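Residues in the sequence shown are numbered consecutively from 15, following the numbering used here.
Glycine included, each C-beta is placed from N, C-alpha and C at the ideal position.
These figures come from a predicted structure and were not determined experimentally.
Here the structure comes first, spelled out in structure tokens, and everything after it is commentary.
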Amino acid sequence: MGEDLSDVIRNGFDTYRHNLKISIPFLLYLLLISAIFIPIVILLLFGGFGSEELMPLWILVFLLVMLSGFIFLAGAVGMAREATLEGNTTLGTMWTEGKKHYIRVILAEVGLFVILMICMFALLIPLFIIGDADGSVIIFLVFISVMIIFFLFAIALVYIVPVSIVVDNLGAAEGIKRGIGFIRFNTRDMLLISLLYLAASIAIELSVVIIIFVASAIFGFEDVIFSESEQYSDLFSIPANFIELVVLYPLFIVLWTRFYMGRTGKLSEKETEMAHLETSTDKKDTFNLTGS
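Pasting the structure below:
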């Protein structure tokens, strides 16, 4: 059966608290994105290049950023697995697990994207067909409810598939199949963890907005804060995005990894191994005492 959800959250948070280095893969990814995009922005602002001229470069950069992200993702899952089992992890694990699994994680995420897009269009088609029919308000509310549940399932899949690939050393197709099956047998808890992630993300966004508003009131930046300029709104989203990427995301990687390992027997296997080791040590100590 594995741990209860409350135990997963408590023990997972404790594991993350003692292994904050699990955030380093995401911090490195953020630094990589900055190192790639800043020169391009400089070219746009001061190099005399138009956005259309740099379009091929933008596409190349987008692909590079996406592909490199999966290396750090696989590495972070490997670190979470090691920290869950051993209580500690190292940055060497990030590179080892990242290089070992990133191709399979990339293929799995592409496959997931296609599957989720097909499912989304399948959900949208009935709404367009019904259109302005009688009772459309009720139908629309039902549709919104279904989409929220679908979104929660999508969050769970995006997390659990890379975890299954790294933890069980699976291929892309096997990882997707294992992830879907795992969610099917743990639906309630999976939805609750996804809901918790969504709530935490919203809470971070709101907290940043409140802090900015309070700071603006204290230092007199109301004109900037209440400006309708998209540049300012994008600028204010940076702190929230940073916290989510470097804190929230790795924390939930640990939670998903622990939840998956607990429900698939990986934690109990480790506990049994440790129990055997302790028993063997006790017997050896007893033998030495008797012999002496």
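The C-beta separation of Y173 from W270 comes to about 4 Å, placing the pair in contact by the 8 Å criterion. Residue environment for T98: buried (at least 16 other C-beta atoms within 10 angstroms of its C-beta). Closest by C-alpha distance to L44, out of G279, I252 and R277, is I252. Cα atoms of I153 and F167: separation of roughly 21 Å, rounded to the nearest angstrom.
Judged by beta-carbon spacing, A186 lies within the 9 Å limit of R118, meaning their Cβ atoms are closer than that value. Taking all protein chains shown into account, F199 has fewer than 16 neighbouring C-beta atoms within 10 Å of its C-beta and is therefore exposed.
The Cβ atoms of T103 and K35 lie closer than 9 Å to each other. Between the alpha carbons of F256 and D18 lies a distance of about 30 Å. Remark: three or more beta-carbon pairs, one from each stretch, lie closer than 8 Å, so the region 158 to 166 and the region 204 to 218 are flagged as touching. Using a Cβ-Cβ distance cut-off of 8 Å, the region 259 to 275 and the region 19 to 27 are in contact, since at least three pairs of beta carbons, one from each stretch, lie closer than that value. Distance between L121 and K114, taken at the CA atoms: about 13 Å. Boundaries of the alpha helix (DSSP H) harbouring E188: A186 to F199, taken from the DSSP string. Under the DSSP assignment, D28 falls in the alpha helix (DSSP H) whose first and last residues are L19 to R31. For V91, the enclosing alpha helix (DSSP H) starts and ends at M69 to E100. Shown here for E258: same chain residues with a beta carbon closer than 7 Å to its own, the five before and five after excluded, namely S215 and I218 in chain order. Sixteen is the threshold: since fewer than 16 other Cβ atoms of the shown chains lie within 10 Å of the Cβ of P140, the residue is exposed.
Counting the other Cβ atoms within 10 Å of the Cβ of M93 gives 16 or more, which makes it buried. The three-state reading of DSSP puts G125 in helix, counting H, G and I together.
Closest by C-alpha distance to V75, out of S37, I47 and T107, is I47. One thing to note: E96 has its Cβ no nearer than 9 Å to the Cβ of V175. Counting only the Cα atoms, A90 lies some 10 Å from Y263. Around the C-beta of V222, 16 or more other C-beta atoms lie within 10 Å, and the residue is accordingly described as buried. Here G279 carries a coil assignment [DSSP, helix/strand/coil]. L265 is positioned such that its CB atom lies no closer than 9 Å to that of Y116.
Rounded to whole angstroms, the gap between the alpha carbons of V261 and I143 is 42 Å. DSSP, read as helix, strand or coil, puts N255 in helix.
For L42, the enclosing alpha helix (DSSP H) covers residues I38 to F60.
Around the beta carbon of F135, fewer than 16 other beta carbons sit within 10 angstroms, so the residue counts as exposed. Collapsing the DSSP output to three states places T104 in coil.
One thing to note: G193 has its Cβ no nearer than 9 Å to the Cβ of L220. The C-beta of M131 has fewer than 16 other C-beta atoms within 10 Å across all chains shown, which makes the residue exposed.
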